[in-house]
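A.B. asks:
Protein chains: 2
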Amino acid sequence: MSEILKNHIRKFVNLSEEEFAAVLSFFRTAEVAKKENLLTEGQICGSNYFVLKGCLRKFFINDKGIEQTTEFAIENWWITDHISFEHQTKSEFYIQAVEPSIILMIDRDSQERLLELHPKMERYFRFIYQRAYAAAQMRIKYLFDLSKEESYHAFYSKYPEFVQRIPQYLLASFLGFTPEYLSELRKKKRS
Amino acid sequence: MSEILKNHIRKFVNLSEEEFAAVLSFFRTAEVAKKENLLTEGQICGSNYFVLKGCLRKFFINDKGIEQTTEFAIENWWITDHISFEHQTKSEFYIQAVEPSIILMIDRDSQERLLELHPKMERYFRFIYQRAYAAAQMRIKYLFDLSKEESYHAFYSKYPEFVQRIPQYLLASFLGFTPEYLSELRKKKRS
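Okay, structure coming up:
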């Protein structure tokens with residue numbers, strides 16, 4: 001199953017079998033049950049997570065007690081609270097499994113040693129963060145630019161399979177809707 | 001003036017004088033007049049910009065013809081349209097000087113060669129993107145979580161000097177306000 005990470009790394013850097021075995025030794029595999037929390041608000045985020053199978057999400061709980069989803073991670077995606085992970089400060093977020101998931105996790109000290117010992121991984125993570133940052137910038141543009149209805153259609157046309165895969169109340173939360181409003185939009189789309 | 005970049009790189013990686021001279025040879029310096037555009041919507045974003053002096057901003061023009069600012073860059077900050085820069089696709093953004101500015105610029109091919117020849121710079125850019133991504137994630141959280149008034153106070157308490165420095169209509173645009181609403185908030189804060 002760790003082949004998934006190997007193939008992902010090899011999209012960006014050349015890595016021999018021996019090098020990958022060494023890289024992999026910094027990670028541990030974990031199975032996460034649906035709705036299990038990997039991180040809870042107030043904790044220090046100890047790990048960076050790579051999804052081998054399943055789906056995780058990051059959310060915070062707002063003043064009204066409502067869960068606001070800010071990010072999803074499916075196969076081949078990384079997820080963590082970067083501020084808490086890098087600075088070892090208390091997190092404002094939760095990270096939770098949306099589906100039963102299998103993940104690779106690496107703690108901060110291990111990630112630092114990995115990068116020191118395997119500089120090729122600097123290049124890999126540089127690409128990962130560069131693309132994640134670019135995606136976050138587009139998300140910010142959409143949050144300003146698109147109406148609620150437009151943002152649903154944009155997300156649907158970009159990630160049709162993902163829209164089918166995740167529970168609709170979570171999609172609504174990610175897009176900043178109520179589940180009722182999303183349900184109306186879906187009816188409209190079908191008709 | 002290029003010392004500013006040297007010192008910034010040295011916050012993250014060790015770099016000798018000789019290495020820095022080699023790194024610097026990939027960049028060119030440019031002076032930008034106030035309100036001059038470095039990038040216009042529809043162009044391919046050719047360069048990544050590092051601010052030595054002054055202030056740049058990134059914005060797009062929405063359906064109503066209004067400029068929506070999504071990002072600022074002052075001294076020691078990088079700015080580009082990462083999607084357009086990486087994939088050489090047409091940009092949806094403008095990058096413009098808010099103040100008369102002095103910048104270092106590097107085009108995409110040069111940046112790739114720089115990273116190939118100076119792997120230490122992979123580590124530098126990995127940090128740059130990791131932190132930029134973390135900041136973008138917090139911005140997304142604030143866009144969902146804070147009222148307009150709260151977001152003004154949060155920004156003011158985090159960047160008081162910057163709030164004093166930039167034109168208020170641009171700050172309003174960045175926070176998603178009208179200039180009139182920002183003016184009201186400022187009066188309230190003073191009273």
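Residue numbers (full-length UniProt numbering), protein chains in the order written: chain C, 1 to 191; chain R, 1 to 191.
Glycine included, every Cβ here is placed at the ideal spot set by N, Cα and C.
No experiment lies behind these values; they were computed from the predicted model shown.
1) Does the beta-carbon of C:Cys55, which I'm using as the reference point, lie nearer than 7 Å to any heavy atom of the ligand SAH?
2) Over the uninterrupted beta strand (DSSP E) stretch that includes C:Asn7, give me the two end residues.
3) Going by alpha carbons, who is nearest to C:Trp78 out of C:Ile61, C:Gln68, C:Phe60, C:Met105?
4) Please classify R:Val98: does DSSP put it in a helix, a strand, or coil?
5) The region 47–64 of chain C: which residues have C-beta closer than 9 Å to a C-beta of chain R, in chain order?
6) Between the Cα of R:Phe26 and the Cα atoms of R:Glu112, R:Ile44, R:Lys11, which residue gives the shortest distance?
7) Given 8 Å as the limit, is there contact between the region 139–155 of chain R and the region 61–69 of chain C, that is, 3 or more CB pairs closer than that?
8) Anything in the region 128–156 of chain C with a Cβ closer than 8 Å to a Cβ of chain R? List those residues in chain order, please.
9) Return the Cβ separation of R:Leu117 and R:Tyr152 in integer angstroms, given the expectation that the two are a contact with Cβ distance under 8 Å.
10) Would you kindly check if the distance between the Cβ of C:Ala97 and the Cβ of C:Glu36 is under 8 Å?
11) Mind reading off the beta-carbon distance from C:Asn76 to C:Ile4? Whole number of angstroms is fine, and I expect it under 8 Å.
12) Please go through the UniProt domain "Cyclic nucleotide-binding" (11–115) of chain R and give each complete beta strand (DSSP E) segment of 3 or more residues, from N-terminal end onward.
13) Taking Cβ positions, are C:Phe72 and C:Arg108 nearer each other than 8 Å?
14) Under the assumption that C:Cys55 contacts C:Ser101 (Cβ atoms under 8 Å), give the Cβ distance between them as a whole number of angstroms.
15) For R:His153, report the span of its alpha helix (DSSP H) as first-last.
16) With three or more C-beta pairs closer than 8 Å as the rule, is the region 123–133 of chain C touching the region 119–133 of chain R?
17) Expressed to the nearest angstrom, what Euclidean distance is found between the alpha-carbon atoms of R:Leu171 and R:Thr80?
18) Secondary structure at R:Ile166, three-state DSSP: helix, strand or coil?
19) Determine whether the beta carbon atoms of R:Gln164 and R:Pro179 lie at a separation below 8 Å.
20) Three-state secondary structure (DSSP) at R:Ser173?
21) What residue from R:Leu175, R:Ala21, R:Asn7, R:His87 has the CA that sits closest to R:Glu150's CA?
22) Determine the contact status of R:Leu51 and R:Ile103, defining contact as a CB-CB distance below 8 Å.
23) Run down chain C in chain order and give the residues with a C-beta less than 9 Å from the C-beta of R:Thr178.
24) To the nearest angstrom, how far is it from the Cα of C:Glu161 to the Cα of C:Phe155?
25) Am I right that R:Arg57 and R:Thr69 are in contact with their C-beta atoms under 8 Å? What's the rounded C-beta distance?
26) Select from C:Ser47, C:Glu67, C:Ile66, C:Tyr94 the residue whose C-alpha is nearest the C-alpha of C:Ile87.
27) Compute the Euclidean distance between the alpha carbons of R:Lys188 and R:Arg139, then round it to the nearest angstrom.
28) Specify the secondary structure class of R:Ser183 as computed by DSSP and reduced to three states.
29) Anything in the region 11–40 of chain R with a Cβ closer than 9 Å to a Cβ of chain C? List those residues in chain order, please.
C.D. replies: In brief:
1) Among the components of this structure there are no ligands whatsoever, and the ligand SAH is therefore not found.
2) Element bounds for C:Asn7: not the beta strand (DSSP E) but the alpha helix (DSSP H), 3–10.
3) C:Met105
4) coil
5) Lys58, Phe60, Asn62, Asp63
6) R:Glu112
7) yes
8) Tyr129, Gln130, Arg131, Ala132, Tyr133, Ala134, Ala136, Gln137, Met138, Arg139, Ile140, Lys141, Leu143, Phe144, Asp145
9) In fact, because the Cβ distance is near 45 Å, the residues do not count as touching under 8 Å.
10) yes
11) 7 Å
12) 28–32, 37–39, 47–53, 56–61, 67–73, 94–97, 101–107
13) no
14) 6 Å
15) 148–158
16) yes
17) 19 Å
18) coil
19) no
20) helix
21) R:Leu175
22) Note on residue identity: the sequence assigns Val, not Leu, to residue 51 of chain R. Yes, Cβ-Cβ distance for R:Val51 and R:Ile103 is below 8 Å.
23) The premise fails here: R:Thr178 is roughly 14 Å from chain C at the closest Cβ pair, so nothing lies under 9 Å.
24) 11 Å
25) 5 Å
26) The sequence given here places His at residue 87 of chain C; Ile does not occur at that position. If we check each option's Cα against that of C:His87, C:Ser47 comes out closest.
27) 24 Å
28) helix
29) none
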